[in-house]
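Please read the structure below before turning to the comments.
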């Protein structure tokens with residue numbers, strides 16, 4: 039992170055920054071200066087799509103997306119997790135998937151000749167129990183409840 | 072060439088667009104590549120959200136999926152950029168950092184599993200291009216297609232290129248060549264390599280921003296009269312397809328590469344699952 043000399047190639051390459059107040063260069067600068075209180079509560083932290091365009095173009099080869107993941111992990115632990123993201127976490131604990139599974143798709147699967155439930159945690163109880171156990175071992179259930 | 076892979080179907084394909092799952096199974100069967108079932112696999116887990124929330128959970132859940140394939144002694148093949156991104160990068164971490172592998176195995180041990188770092192993670196388009204090859208694919212095209220298509224590489228297929236090393240991340244040709252064997256023409260358009268807007272938890276938390284990015288892409292594709300979008304990721308697929316509910320007037324069908332091959336190989340229409348698509352397409 040300290041390799042960054044603030045050229046702004048990242049901001050110039052960012053598809054999200056083109057449309058929003060998200061400024062990659064600014065986040066890296068703030069991280070260099072240890073300005074946690076400015077970074078972690080900011081909504082902009084969650085506007086990166088993790089497209090890696092900045093990483094590909096960075097002349098100092100700073101692992102910008104990896105830094106962003108660390109900052110987002112810190113923000114999550116500090117309680118800055120949106121309701122929408124908590125819901126994704128809850129889906130994970132329930133069926134081992136980020137998205138819910140609806141009746142209409144079940145019907146379509148059967149009509150197409152596929153099994154109603156895919157051969158994943160969605161339709162395999164033992165696998166789902168193992169999957170959930172791993173999440174609990176990592177404290178994931180507590181992390182998503184701790185968000186505000 | 073490897074002719075056997077563990078098929079990692081992920082979440083969005085089986086739970087939203089089952090045609091992508093079935094077309095993949097049928098297309099690879101037609102080419103004599105065996106896809107074994109990865110029974111009990113879970114979410115990859117999604118790189119933009121779960122990795123953003125907690126990297127330890129992300130790594131442990133990815134390791135569980137990798138261990139399932141390792142037990143069967145086969146490499147994983149994904150049909151989604153997100154699954155590819157997570158599983159490939161988690162595998163890279165585990166293969167290069169013994170202390171992380173040890174930590175993860177302590178967790179996997181609680182459910183009687185273990186990973187030793189012994190398998191590779193592949194993207195299906197990489198398998199098609201580098202293992203099977205354009206010449207071989209061409210032999211299966213029974214129903215040549217004639218459209219101007221806009222290809223969407225997505226982000227986590229080629230990037231970070233330093234790790235994946237599949238093609239030039241700024242000016243790739245792999246996917247353009249893969250679609251053109253079916254007879255279609257891959258057209259150029261402004262910001263072709265730009266993200267669809269969905270990743271990184273942006274679709275779920277800031278859907279208006281995601282939609283704006285998608286609208287940009289759709290406008291650029293419409294400008295050059297693209298007749299369909301071809302993707303290699305069910306999540307980009309969902310973003311392009313479902314966004315058109317909120318963005319009327321584009322009417323650009325969104326087709327996963329496996330479905331395009333399904334059409335070109337002459338598979339029955341029912342196995343393509345096109346009725347799950349928001350934007351209807353009759354070929």
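Chains as they are written, first to last, in this note's numbering: chain A, 39 to 186; chain B, 72 to 354.
Beta carbons: idealized from backbone N, C-alpha and C, even for Gly.
All values reported here derive from a predicted model rather than from experimental measurement.
Residue 300 of chain B: member of the beta strand (DSSP E) spanning 299-302, first to last residue.
Contiguous alpha helix (DSSP H) elements confined to the segment 93-146 of chain A occur at 102-115 and 121-133, taking only those with 4 or more residues.
For residue 125 of chain B, the residues of chain A that pass the 7 Å Cβ criterion are 111, 114, 176, 178 and 181, in the order they occur in the chain. Nearest CB-CB separation between residue 156 of chain A and chain B: below the 9 Å threshold. In the assembly as shown, residue 276 of chain B is a buried residue. Its beta-carbon has 16 or more other beta-carbons within 10 Å.
Pairing residue 100 of chain A with residue 39 of chain A gives a Cβ-Cβ distance under 9 Å.
Against residue 57 of chain A, the close residues of chain B are 280, 283 and 284, in the order they occur along the chain (beta-carbon pairs closer than 7 Å). Restricted to the segment 303-340 of chain B, the alpha helix (DSSP H) segments that are unbroken, complete and at least 4 residues in length are 305-317 and 328-335, listed in chain order.
In this structure, the straight-line span from the alpha carbon of residue 141 of chain B to that of residue 271 of chain B is close to 28 Å. Contacts with chain B (Cβ-Cβ distance below 7 Å) from the segment 73-96 of chain A involve 84, 85, 86, 87, 88, 89, 90, 93 and 94, listed in chain order. Under the Cβ distance rule, residue 64 of chain A does not count among the residues neighbouring chain B, no pair being separated by less than 9 Å.
At a cut-off of 9 Å between beta-carbon atoms, residue 87 of chain B makes contact with chain A. Take residue 41 of chain A, set aside five residues on each side of it, and the residues of its chain with a beta-carbon closer than 8 Å to its own are 98, 99 and 100, in chain order.
The beta-carbon distance between residue 282 of chain B and residue 268 of chain B, rounded to whole angstroms, is 7 Å. This is short enough to meet the 8 Å contact definition. The beta carbon of residue 132 of chain A sits no closer than 9 Å to any beta carbon of chain B. Taken through DSSP and simplified to helix, strand or coil, residue 169 of chain A comes out as helix. Residue 124 of chain B is bridged by DSSP to nothing; it lacks a bridge partner.
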